[in-house]
Amino acid sequence: MGDLANSSVDFKPQKQGSVGGMEVNHAGDFGATLEDLRDLMELRGAEAIHKIQENYIDTEGLCQRLKTSPADGLSDNPSDLEKRGQVFGQNFIPPKKAKSFLELVWEALQDVTLIILEIAAIISLALSFYQPPGGDSEACGNVATGAEDEGEAEAGWIEGAAILLSVVCVVLVTAFNDWSKEKQFRGLQSRIEQEQRFAVVRNGTVIQIPVAEMVVGDVAQVKYGDLLPADGILIQGNDLKIDESSLTGESDHVKKSVDKDPMLLSGTHVMEGSGKMLVTAVGINSQTGIIFTLLGVGEGEEEKKDKKGKQDGTLENNQNKAKKQDEAVAMEMQPLKSAEGGEVEGEKKKGNVPKKEKSVLQGKLTKLAVQIGKAGLVMSAITVIILVMYFVIETFVVQGREWLTECTPVYVQYFVKFFIIGVTVLVVAVPEGLPLAVTISLAYSVKKMMKDNNLVRHLDACETMGNATAICSDKTGTLTTNRMTVVQAYMGDQHFHKVPHPDQINPKVLDTLTNAVSVNSAYTSKIMPPDKEGGLPKQVGNKTECALLGFILDLKRDYGPVREQIPEEKLYKVYTFNSVRKSMSTVVQLPDGSFRLYSKGASEILLKKCTSIMAGGGEPRGFRPRDRDEMVKKVIEPMACDGLRTICVAYKDLPASPEPDWEDEVGIVSDLICITVVGIEDPVRPEVPDAIKKCQRAGITVRMVTGDNINTARAIAAKCGIIQPGDDFLCIDGKEFNRRIRNEKGEVEQERIDKVWPKLRVLARSSPTDKHTLVKGIIDSTVLEQRQVVAVTGDGTNDGPALKKADVGFAMGIAGTDVAKEASDIILTDDNFSSIVKAVMWGRNVYDSISKFLQFQLTVNVVAVIVAFTGACITQDSPLKAVQMLWVNLIMDTFASLALATEPPTESLLLRKPYGRNNPLISRTMMKNILGHAIYQLTIIFTLLFAGEKIFNIDSGRNAPLHSPPSEHYTIIFNTFVLMQLFNEINARKIHGERNVFDGIFHNPIFCSIVLGTFLMQFVIVQFGGKPFSCTPLNVEQWLWCLLVGVGELLWGQLITTVPTSRLPCLKEAGHALGKEEMIDDDMADDEQEIDHAERELRRGQILWFRGLNRIQTQMEVVSTFKRSGSFQGAARRRSSVLSQLHDVTNISTPTHVVLSTANATGAPGNPSGESIP
């Protein structure tokens, strides 16, 4: 690594004094080399400060060496910026090389079915070129007749070649699909990266620049919620706390200050406070960059890595971080793999997936694919066995022939033919189109969702959203416009119901208020002139602070001069806002040396700390608890009931000596003098009530989780329609919520949560932990038979845990912090709740598209398998040849997946309840359609197979010898089969038993063009396909008959719809979610990523131990229950609780305890309790 670093400094030495003059060691004209800075950034705390003092005296000295100013930053001189980029590198980490097209082709070739096909095709090819030795071929039996004709014998290679060609087609389609998907995702990734901007000071003004343009020497402003884009040294900070867990794995927040620990590292999150940093390392030279390079560059770098002496720990913890670049792609590949069955477990461990379980759809598809695959294998094996047996008995027993050596190749050729027929049955049974349909459907949805303001970061989130049963939404900015304005105020003993005129207020009160608001708010919050004439002024920064600043402007005062007089560097001490304090305080030193503290925060919290209040004359007067209660009743509650947020602004004077103990925050922020209480309005977005109505109609419960007080929250919830008068619901605040869900020891109990969450609609004054507890509680709950699928919206850093825990996390694109975006699955680019409804619609559409495709595909499969199987057993030859099957299976499937997967969503999707996790993929209605159409098609095909020659008056194609020319008879069967599928594709557009299958068909041009295109290609194949497709041209009359039978599909479809599903109790569903056992194993696999190795070993032991206990216990339970002849529901329920205990491995000493705690049962919720007992 070191060598690499030096080489970037080492360019053409020029004469000292010329523009770019530089020595090899002194980077350009800068007084610090890349190496120096990198070595410096490796240090922490006191060591780092010592090094800075030793080399540069102090941070000012370092700024001078790097030719930058702590106050004004760099100049905007392009040549200077470019030179810094050349000397110290650019702030960008080159992404890992994408897989080449050939690598993707190689991956696609790994598919087992394709490998079997390739082997079969190669054997078939080899044998077709092999000429049996001369001699009396009669001796080999009449089986060999037909092979005498030279031309025919030569055509034997076509079948093998055609199979190979179709394999090539599939591989190329799959590879191209993967390739374009990866490309799309990289595009998306780079879009996200380009959109990330950061505030730096240049020429004394703060500007936002793309992260990639930051250079060493820049002075950057860091604030609460930022993800640091480069390494730097703190030059001024207010109460700054950083979460360095992404680099060190330590979850505690690290306090940063100029004199104790000024080192800020890229990739870490600012959790509290604000400050300025001098950028000292960017791109691959920053700490994150070094780790990325170590991971990306591989073995050759090992020795250098040791040289750099990076701690292993850092490296370990960072592998997760470094995978982030590829995470999108890893996530992306998931749906594809899952359809093939077994590979999913390994895949999940490899791709560092943050979700707890497989997405609903993946689980069901995996299961279904495995079921179909097994059935197909059994069918194909039986086919081959029957064919071989029949041949052997016919030839050697009935005809009594001997096995002659010269006949061996002929017989082998027959066996190969049987093998190919068997493989064909397998190929037809396995729905290869399924992975393609899933992928196309998801990719298409993601692309379209971009237009609906949903930027999907993890593909499976899109489809999980369709199953959402609960949405926990923030209030500010999601349900409301996030354009805060002060509309009421209480000051100078008066309650103003609109913004007062400055004359109505005592000037002293006004001055104090102006100073309090101007100084005690982030200096990044400001009001800018509107973008266009007549528009509203632009609010930049924290919206609540902007409301207060706007209030000052409305009172004809200005905050600018105050801030110029007291710049940020002069603030003596800042207690920044955080979710625990719910207030912010700033201390300034007055000219006489004494101090003044300004404070603002949630009114009910801050008023408790006030002992005086400014009266109408501008003088403070006593403010007793009695007065406070009266104020709450008369001022705060009425404001809150109007849906206003109430903020209190207060101040306090502190003596110069003895200087107060600033660490004693409780003592400092007490005995305050209240200046004013203002009511801030954040109007509900006009489209939200409608969106919430749609959600409720779609069976999704919307809950509001907000930091506001209970009255405001309730008022807004009523305006949005989250709560309706007369409903039975709960609106509680965080304190009450915790009282209800925790036991005497203060531990959260699932049973208690289960009593609260079903009715809970509004959770006010909630902390981030409350939000996380609620989300986890709902997900883990087993009260309802369906496991809840929870979506969460969040914008703040503190929402990270809840966003990660939820099934789908939505972050705000505009107001969201980098931390929230990092933890989310979907980013709402317009911060609007109604976009979530669109995501639900798209998610349900994906699910439905795949069900439509399955309904179509499985009908084809059932029919083709039965035809191939019975045909082969009765006539020793499949009526549908391998190549024809491949055309039906691969090409039609691929196109059908495209056609059915691109159906646009309609509002009607929101009129039904979510399917839920345990609902089968193939409902009984779909099963009825599949079997119903299969019956129609099989009847037609068998009629044609056994009586076709009589109906059409043609030669029979049955019992044709090897390599005989294609017959009209079999061509008609093939053509009818394909046309029936084509018309059934139109039937497949509806899966809930709707009558009008043409509804909205013209809204989908892709569908129409595919159906037409397939028809034309079929025409070409039949008329001109000849030997390779085993077809012979048909006349007009035959074509019309085939078409008529095809159209019959549509009429038959109407007939099937008429039969009520409830009358057919024999129908089974297929493709359920995973069972409990699998679910738990899966969870364990996922959890292991979060646990270090020692713990993992321990856990493995625990699991085995539990499993043993568990088995014994269940068996005892069952035995004793049967003795009592009661139901053994209890046993099973208890068992699931044990499994859940495993999930959250708690420290359990005795099995008796295991049984008692039925609290957090999380198996595969909703599985009828007694299903999988060993």
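Adding 274 to a residue's 1-based position in the sequence shown gives its number in the numbering used here.
Virtual Cβ for every residue (Gly too), placed ideally from N, Cα, C.
Please return the same chain residues whose Cβ sits closer than 8 angstroms to the Cβ of E1242, not counting the five positions on each side in sequence.
Taken in chain order, the residues that qualify are F1226, I1228, D1229, G1231, T1306, L1308 and Q1312.
Nearest-angstrom Cβ-Cβ length linking V712 and V720, presumed shorter than 8 angstroms:
Not a contact, Cβ separation roughly 12 angstroms.
Please name the residue in F450, Q970, F1011 and N983 whose C-alpha comes closest to that of C994.
For the residues F450, Q970, F1011 and N983, the minimum Cα distance to C994 belongs to Q970.
Contact belief for C1136 with I1204 at Cβ below 8 angstroms, rounded distance in angstroms:
The identity of residue 1136 in the sequence shown is Val, whereas the question assumes Cys. The pair is a contact, with the Cβ atoms about 6 angstroms apart (cut-off 8 angstroms).
Can you tell me the Cβ-Cβ gap for T850 and L552, rounded? I've got them flagged as a contact below 8 angstroms.
Contact between T850 and L552 is ruled out by a C-beta separation of about 21 angstroms, above the 8 angstroms threshold.
Taking the alpha-carbon positions, what's the A449 to W380 distance?
A449 and W380 have their C-alpha atoms spaced approximately 8 angstroms apart.
Quick check on L784 - is its C-beta less than 7 angstroms from some C-beta in chain C?
Of the protein chains in this structure there is only one, and it is not chain C.
Burial state of W1161 (16 or more Cβ within 10 Å):
A buried status is given to W1161, since no fewer than 16 other beta-carbon atoms sit within 10 Å of its beta-carbon.
Using beta-carbon positions only, say whether V532 and E518 come within less than 7 angstroms of one another.
For V532 and E518, no; Cβs fall outside 7 angstroms.
Compare the Cα-Cα distances from P1455 to each of S464, F1011, E933 and A1208 and report the closest residue.
Residue 1455 lies beyond the residue range present for the chain, which begins at 275 and ends at 1448; the question has no answer from this structure.
For the alpha helix (DSSP H) that contains E1311, what are its first and last residues?
Its alpha helix (DSSP H) spans residues V1310 to T1332.
Proximity below 7 angstroms, CB of C1005 to CB of R1016
No, they are not a contact pair.
With DSSP as the reference, label E469 as helix, strand or coil.
If DSSP states are grouped into helix, strand and coil, E469 belongs with the helices.
Reducing DSSP to helix, strand and coil, say where A876 ends up.
If DSSP states are grouped into helix, strand and coil, A876 belongs with the strands.
Identify whether A889 lies in helix, strand or coil by the three-state DSSP scheme.
Coil.
Span of the alpha helix (DSSP H) holding Y330?
Residues G319 to Y330.
How would you call W677, buried or exposed, if buried means at least 16 neighbouring beta carbons within 10 angstroms?
The Cβ neighbour count for W677, taken over all protein chains shown within 10 Å, is under 16; the residue is labelled exposed.
Ignoring anything shorter than 3 residues, give me the beta strand (DSSP E) runs that lie fully in the segment 782-828, in order along the chain.
Runs of the beta strand (DSSP E) inside the segment 782-828: 800-802 and 812-814.
Ordered along the chain, which non-local residues of its own chain (more than five positions away) have a Cβ less than 7 angstroms from that of T1331?
When the five nearest sequence neighbours on each side are left out, the beta carbons in the same chain lying within less than 7 angstroms of the beta carbon of T1331 are those of G1267 and R1269, in order along the chain.
Threshold first: 4 residues or longer. Then list the alpha helix (DSSP H) segments lying entirely within the segment 1009-1097, N to C.
Whole alpha helix (DSSP H) segments, 4+ residues: 1024-1030, 1042-1054, 1074-1079 and 1092-1097.
Nearest to F304 by CA position, among A322, H324, L311 and L340, is which residue?
Selected option, being the one with the closest Cα: L340.
Within a Cβ cutoff of 6 angstroms, which residues of the same chain sit near F869, ignoring the five residues on either side of it in sequence?
Excluding positions up to five away in sequence, the list reads V861, Q863 and L928.
Scan the segment 489-569 and note each continuous beta strand (DSSP E) run of 3 residues or more that stays entirely inside, going in chain order.
With a minimum length of 3 residues, the continuous beta strand (DSSP E) runs that stay inside the segment 489-569 are 493-497, 505-517, 527-530 and 543-555.
DSSP three-state assignment for L376, whether helix, strand or coil
In this structure, L376 counts as helix in the three-state DSSP scheme.
Assign G511 to buried or exposed, taking buried as 16 or more other Cβ atoms, counted over all protein chains shown, within 10 Å of its Cβ.
Per the 10 Å Cβ criterion, buried.
Since A876 and N983 should fall inside the 8 angstroms C-beta cutoff, what is the C-beta to C-beta distance between them, to a whole number of angstroms?
Yes, they are in contact, since the Cβ atoms of A876 and N983 sit about 7 angstroms apart, within 8 angstroms.
So, under 8 angstroms CB-CB, V474 and V493 are touching, yes? Tell me the CB distance rounded to an integer number of Å.
That pair is a contact at about 6 angstroms.
Within the segment 829-868, note down every full alpha helix (DSSP H) run reaching 4 residues or more, in order along the chain.
Those alpha helix (DSSP H) runs which fall completely within the segment 829-868 and span 4+ residues are 834-839.
Going by other Cβ atoms of all chains shown within 10 Å of its Cβ, with 16 needed for buried, is I393 buried or exposed?
Here I393 is exposed. Its C-beta has fewer than 16 other C-beta atoms within 10 Å.
Closest Cα partner of A1011 within the set T1103, D1002, I1027 and L502
One point to set straight first is that residue 1011 is Phe, not Ala, in the sequence displayed. Among T1103, D1002, I1027 and L502, the Cα nearest to that of F1011 is on I1027.
Taking its Cβ as the centre, do 16 or more other Cβ atoms sit within 10 Å of H775, making it buried, or is it exposed?
Around the CB of H775, fewer than 16 other CB atoms lie within 10 Å, so the residue is classed as exposed.
Excluding five sequence neighbours on each side, which residues of the same chain lie with their C-beta closer than 6 angstroms to the C-beta of F1281?
Excluding residues within five positions, the ones whose Cβ falls inside 6 angstroms are A1173.
By the 10 Å Cβ neighbour count, where 16 or more other Cβ atoms means buried, how is A1221 classified, buried or exposed?
By the beta-carbon neighbour count (other beta carbons within 10 angstroms, threshold 16), A1221 is exposed.
Under 8 angstroms: do the segment 973-982 and the segment 891-906 share three or more Cβ pairs, one atom per stretch?
Verdict: no, contact absent.
Output the distance between the C-alpha atoms of A1138 and M724, rounded to the nearest integer angstrom.
Roughly 39 angstroms separates the two Cα atoms.
Out of E1059, E1025 and N1119, point me to the one whose CA is closest to L1185's CA.
Comparing Cα positions, the closest option is N1119.
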